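Structure record follows, encoded as structure tokens.
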Amino acid sequence: MGVQENGSGDLGMSGVPLGSKNKYRRMDSELNDYDDDDLEVAPYKQTQQERSSSTRKYVFACAVFASLNNVLLGYDVGVMSGAIIFIQEDLKISEFQEEILVGILSVISLLGSLGGGRASDALGRKWTMGIAAIVFQVGALIMTLAPNFQILMVGRLLAGVGIGFGVMIAPVYIAEISPTISRGSFTSFPEIFINFGILLGYVSNYAFSGLPAHINWRIMLAVGILPSVFIAFALCIIPESPRWLVMQNRVDEARSVLLKTIDVEAEVEERLSEILKAAGIGTGIENKGGENQEEKAVWRELLSPSPSLRRMLITGFGIQCFQQITGIDATVYYSPEILQTAGIEEKSRLLAATVAVGVAKTVFILVAIVLIDKVGRKPLLYVSTIGMTACLCGLAISLSVFKATTLGVALAILSICANVAFFSIGIGPVCWVITSEIFPLRLRAQASALGAVGNRVCSGVVAMSFLSVSRAISMAGTFSIFTVISAMSVVFVYKLVPETKGKSLEQIELMFQKDRDWNEEEVEMSDTQQLVQQKNESFAI
4 MGVQENGSGD
14 LGMSGVPLGS
24 KNKYRRMDSE
34 LNDYDDDDLE
44 VAPYKQTQQE
54 RSSSTRKYVF
64 ACAVFASLNN
74 VLLGYDVGVM
84 SGAIIFIQED
94 LKISEFQEEI
104 LVGILSVISL
114 LGSLGGGRAS
124 DALGRKWTMG
134 IAAIVFQVGA
144 LIMTLAPNFQ
154 ILMVGRLLAG
164 VGIGFGVMIA
174 PVYIAEISPT
184 ISRGSFTSFP
194 EIFINFGILL
204 GYVSNYAFSG
214 LPAHINWRIM
224 LAVGILPSVF
234 IAFALCIIPE
244 SPRWLVMQNR
254 VDEARSVLLK
264 TIDVEAEVEE
274 RLSEILKAAG
284 IGTGIENKGG
294 ENQEEKAVWR
304 ELLSPSPSLR
314 RMLITGFGIQ
324 CFQQITGIDA
334 TVYYSPEILQ
344 TAGIEEKSRL
354 LAATVAVGVA
364 KTVFILVAIV
374 LIDKVGRKPL
384 LYVSTIGMTA
394 CLCGLAISLS
404 VFKATTLGVA
414 LAILSICANV
424 AFFSIGIGPV
434 CWVITSEIFP
444 LRLRAQASAL
454 GAVGNRVCSG
464 VVAMSFLSVS
474 RAISMAGTFS
484 IFTVISAMSV
494 VFVYKLVPET
504 KGKSLEQIEL
514 MFQKDRDWNE
524 EEVEMSDTQQ
534 LVQQKNESFA
544 I
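Going by the numbering used here, the letters in the sequence shown line up with residues 4 to 544, in that order.
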């Protein structure tokens with residue numbers, strides 16, 4: 004009576020076509036199906052889950068270690084806001100010297116950013132981070148021991164160069180090793196560590212403020228040397244960027260790194276093929292000018308960009324500048340002065356209030372990390388820029404209409420904390436994510452460095468002019484200007500920033516190849532198919 008399906012159209016004894024799906028199946032048939040399928044699939048699924056878990060942990064560790072340099076930047080920003088009070092008292096510096104001391108780090112770091120782009124292409128992403136830590140450590144040591152303003156400036160300049168190296172390379176490195184699905188979250192890690200560093204700086208100010216004025220600020224600055232020890236340890240663990248390895252024709256090493264950072268082995272070869280194509284290796288593809296893409300100097304291409312590269316540069320450079328010209332560094336560096344204008348006079352209360360600012364800035368960056376790969380980049384940018392505009396307006400009102408009143412103090416503290424919170428939830432981390440995603444592989448490091456230069460220049464201009472401008476037009480007037488600029492950033496995001504969530508770096512590059520309305524459409528399925536087809540054709544050649 005046992006009738007088995009043989010794939011023909013003959014009828015069995017039940018009258019059911021043997022080639023069809025029969026619900027009356029023998030018990031041993033079901034057992035055999037289970038044995039053949041489920042017993043084979045179950046161990047595979049378990050192995051795949053273990054591999055995925057291991058991969059996520061590995062990429063997470065790499066992102067954490069690569070972001071340690073950003074703690075140095077954050078700590079310097081936070082600690083200087085309080086240390087400058089005691090430096091002014093100990094070294095008897097003027098208000099102009101105070102502005103120069105605070106702002107010069109951002110300006111000089113542009114040299115580090117430019118040098119960092121070239122160094123990372125020549126030496127690799129990994130060792131450029133090591134150079135950044137060493138240079139900053141030397142600068143911090145000189146500042147700690149400085150007997151006068153001139154020596155203090157020398158240390159400040161070196162620290163600025165080190166920070167410039169570190170701040171541009173970390174997002175690029177993390178974007179290049181992260182899987183597409185979680186790239187946004189991991190690339191936001193540098194901003195988390197900047198905020199963590201700022202909070203540590205504020206806490207350090209408060210903790211050491213009770214010591215004598217000629218000692219406390221030196222201890223505050225000396226603590227910034229400690230993260231460099233962890234960076235040296237990190238360099239022994241993290242791998243080199245697979246995309247940089249491909250650019251050096253070290254394809255086997257790149258494959259080895261991708262196997263550690265991508266869950267599915269089949270995807271490794273697909274991703275490696277895309278990277279090879281983007282790098283122009285083994286494809287034989289030439290640009291429209293007839294010269295091989297590898298032969299065209301990077302800076303020549305950046306200074307004379309194609310239409311698609313020009314759109315990338317406007318987006319990347321623009322969002323970096325807007326991140327700073329909305330006044331975030333003025334809020335962070337000069338929060339004690341702002342709160343003093345609002346009506347708080349006691350130093351300990353001022354420094355305690357800045358700790359609250361640091362907590363708000365750090366906590367809300369964690370919200371961005373959770374949401375950036377779920378809701379996307381642009382929604383976070385909209386919430387951030389609109390919220391900052393409202394907060395800056397509220398701060399301007401608190402410093403004018405309610406100045407030196409209890410309500411004014413409360414509104415000022417609330418506005419500052421909310422402003423840094425909105426910054427952290429959007430434009431703070433997303434700015435670096437976007438910049439590290441949109442540029443072609445061959446130009447990515449130096450184009451990102453160019454964006455970092457714009458960021459640092461704007462930061463320096465704001466930091467070095469804030470007190471002077473506030474004295475000329477009042478602090479309320481200065482924040483009114485920041486309010487207008489912040490409103491302009493909303494329009495910039497709407498018009499010129501694409502959504503990059505869930506797309507590979509190579510697909511994002513394709514988005515800029517032709518004009519499109521980013522608010523109505525993104526990379527379509529036909530675009531993805533075109534990318535795959537081009538890849539296959541190039542390898543067929």
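Note that beta-carbon positions come from the ideal geometry of N, C-alpha and C, so glycine has one too. Since we're looking at a predicted model, the values are computed, not measured.
Selected residue, minimal CA-CA separation from residue i, among the options
{"i": "residue 438", "options": "175, 246, 109", "result": "175"}
{"i": "residue 331", "options": "181, 514, 276, 419", "result": "419"}
{"i": "residue 421", "options": "178, 208, 360, 499", "result": "360"}
{"i": "residue 375", "options": "188, 486, 61", "result": "188"}
{"i": "residue 88", "options": "185, 264, 350, 143", "result": "350"}
{"i": "residue 274", "options": "157, 158, 92, 183", "result": "183"}
{"i": "residue 127", "options": "244, 61, 262, 57", "result": "244"}
{"i": "residue 441", "options": "505, 133, 514, 431", "result": "514"}
{"i": "residue 136", "options": "162, 146, 152", "result": "162"}
{"i": "residue 347", "options": "425, 389, 415", "result": "415"}
{"i": "residue 2", "options": "216, 425, 106", "result": "Limits of the chain in this structure are 4 at one end and 544 at the other, which puts residue 2 out of reach."}
{"i": "residue 191", "options": "73, 336, 457, 501", "result": "73"}
{"i": "residue 338", "options": "83, 63, 59, 61", "result": "83"}
{"i": "residue 452", "options": "505, 121, 310, 63", "result": "121"}
{"i": "residue 234", "options": "134, 92, 208", "result": "134"}
{"i": "residue 356", "options": "276, 267, 396, 205", "result": "205"}
{"i": "residue 436", "options": "266, 109, 318", "result": "318"}
{"i": "residue 65", "options": "484, 236, 155", "result": "236"}
{"i": "residue 130", "options": "111, 241, 211, 151", "result": "241"}
{"i": "residue 426", "options": "327, 403, 139, 399", "result": "327"}
Unbroken alpha helix (DSSP H) run spanning residue i, endpoints
{"i": "residue 93", "result": "71-94"}
{"i": "residue 100", "result": "98-126"}
{"i": "residue 172", "result": "152-180"}
{"i": "residue 327", "result": "310-328"}
{"i": "residue 332", "result": "331-336"}
{"i": "residue 516", "result": "No alpha helix (DSSP H) contains residue 516, which DSSP labels as neither H nor E."}
{"i": "residue 499", "result": "478-499"}
{"i": "residue 214", "result": "No alpha helix (DSSP H) contains residue 214, which DSSP labels as neither H nor E."}
{"i": "residue 392", "result": "380-401"}
{"i": "residue 439", "result": "430-441"}
{"i": "residue 187", "result": "186-190"}
Local conformation of residue i per DSSP, three classes
{"i": "residue 44", "result": "Bear in mind that a pLDDT of 44 at residue 44, under 50, signals an unreliable position, so the model cannot answer this."}
{"i": "residue 406", "result": "coil"}
{"i": "residue 292", "result": "Summary for residue 292: the model assigns pLDDT 41, below 50, so the residue's position carries little reliability; its value from the coordinates is reported in the next sentence. If DSSP states are grouped into helix, strand and coil, residue 292 belongs with coil."}
{"i": "residue 229", "result": "coil"}
{"i": "residue 262", "result": "helix"}
{"i": "residue 305", "result": "helix"}
{"i": "residue 240", "result": "coil"}
{"i": "residue 469", "result": "helix"}
{"i": "residue 251", "result": "coil"}
{"i": "residue 28", "result": "Reliability fails at residue 28, whose pLDDT of 43 lies under 50, so the model's placement of it is uncertain and no value is given."}
{"i": "residue 375", "result": "coil"}
{"i": "residue 256", "result": "helix"}
{"i": "residue 202", "result": "helix"}
{"i": "residue 414", "result": "helix"}
{"i": "residue 506", "result": "coil"}
{"i": "residue 349", "result": "coil"}
{"i": "residue 149", "result": "coil"}
{"i": "residue 267", "result": "coil"}
{"i": "residue 539", "result": "Its pLDDT being 45, under 50, residue 539 is placed unreliably in this model, and the value from its coordinates should be taken loosely. Correct three-state label for residue 539: helix."}
Supposed contact pair residue j and residue i - C-beta distance, whole angstroms, cut 8 Å
{"i": "residue 280", "j": "residue 345", "result": "56 Å between Cβ atoms; not a contact."}
{"i": "residue 246", "j": "residue 278", "result": "6 Å"}
{"i": "residue 371", "j": "residue 383", "result": "6 Å"}
{"i": "residue 459", "j": "residue 167", "result": "6 Å"}
{"i": "residue 264", "j": "residue 497", "result": "With 8 Å as the limit, residue 264 and residue 497 do not qualify as a contact, their Cβ atoms being about 34 Å apart."}
{"i": "residue 486", "j": "residue 395", "result": "4 Å"}
{"i": "residue 463", "j": "residue 157", "result": "Incorrect: roughly 17 Å between the Cβ atoms, too far for contact."}
{"i": "residue 114", "j": "residue 212", "result": "About 33 Å separates the two Cβ atoms, so there is no contact after all."}
Quiz item: Do the stretch 194-209 and the stretch 74-89 touch if we need at least three Cβ pairs shorter than 8 Å?
Solution: Yes, the stretch 194-209 is in contact with the stretch 74-89.
Quiz item: Can you find at least 3 beta carbon pairs, one from the stretch 226-244 and one from the stretch 396-411, that sit closer than 8 Å?
Solution: Taking a cut-off of 8 Å for Cβ pairs, the stretch 226-244 and the stretch 396-411 do not touch, as fewer than three such pairs fall below it.
Quiz prompt | Inter-stretch contact (C-beta, 8 Å, three-pair minimum) for the stretch 314-325 and the stretch 492-501 | solution = Contact between the stretch 314-325 and the stretch 492-501 is present, with at least three C-beta pairs closer than 8 Å.
Quiz item: Is the stretch 438-454 in contact with the stretch 166-180, if contact means three or more CB pairs nearer than 8 Å?
Solution: Counting C-beta pairs with one atom in each stretch, the stretch 438-454 and the stretch 166-180 have three or more that are closer than 8 Å, which means they touch.
Quiz item: Are three or more beta carbon pairs between the stretch 210-223 and the stretch 364-381 nearer than 8 Å?
Solution: When Cβ pairs closer than 8 Å are counted between the two stretches, the stretch 210-223 is seen not to touch the stretch 364-381, the count staying below three.
Quiz item: Counting Cβ pairs closer than 8 Å, one from the stretch 96-108 and one from the stretch 464-474, do we hit at least three?
Solution: Segments in contact, yes.
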